[in-house]
Amino acid sequence: MGEIDYGSYIPPYQQIAAEIVADIKRGTLQPGRAIPSEPQLVQRYGVARATVRRTVAYLRDQGYVFTIPHRGSYVALDLVERGLIDPPPADEPESGGSDD
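The sequence shown: position 37 = 36 (numbering that gives the first Met the number 0), numbered continuously.
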């Protein structure tokens, strides 16, 4: 994580967004929790702040995050309901039957 492929046809903001979405799908970033701040993303990827802002706007437009002004951006709460991620695996189902 943290490397931009400048030889790629995929713009840097979309490469960063793809890594954040992968973290969301892996469960590393949980619904309702903050994504890394703009300064953290600038440092991690070595890109301009404008690129990070474009990344966050892209993620917001795609429905993966929401932003609270002056607070930060957070993973959306309704990703499963909107079909953007798979539901977490269910626990081992209970047998429901009795062994009488």
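Backbone N, C-alpha and C define an ideal beta-carbon position, used for all residues, glycine too.
- Here the alpha carbon of Ala16 sits roughly 11 Å from the alpha carbon of Ile9.
- Here Val41 carries a helix assignment [DSSP, helix/strand/coil].
- Pairing Ala21 with Arg70, the inter-Cα distance amounts to about 23 Å.
- Between Val79 and Pro86, the gap from beta carbon to beta carbon is short of 9 Å.
- Going by beta carbons, Val74 and Pro30 fall inside the 9 Å limit.
- Put simply, of Tyr44, Leu28, Glu2, Gln42 the residue whose alpha carbon is nearest the alpha carbon of Val64 is Leu28.
- Judged by DSSP secondary structure, Val64 falls within the beta strand (DSSP E) whose first and last residues are 64–67.
- One thing to note: Val51 has its Cβ no nearer than 9 Å to the Cβ of Ile3.
- For Val55, the uninterrupted alpha helix (DSSP H) segment begins and ends at 48–61.
- Just measuring C-alpha positions, the residue of Gly6, Tyr57, Arg48, Ala49 sitting nearest Glu18 is Tyr57.
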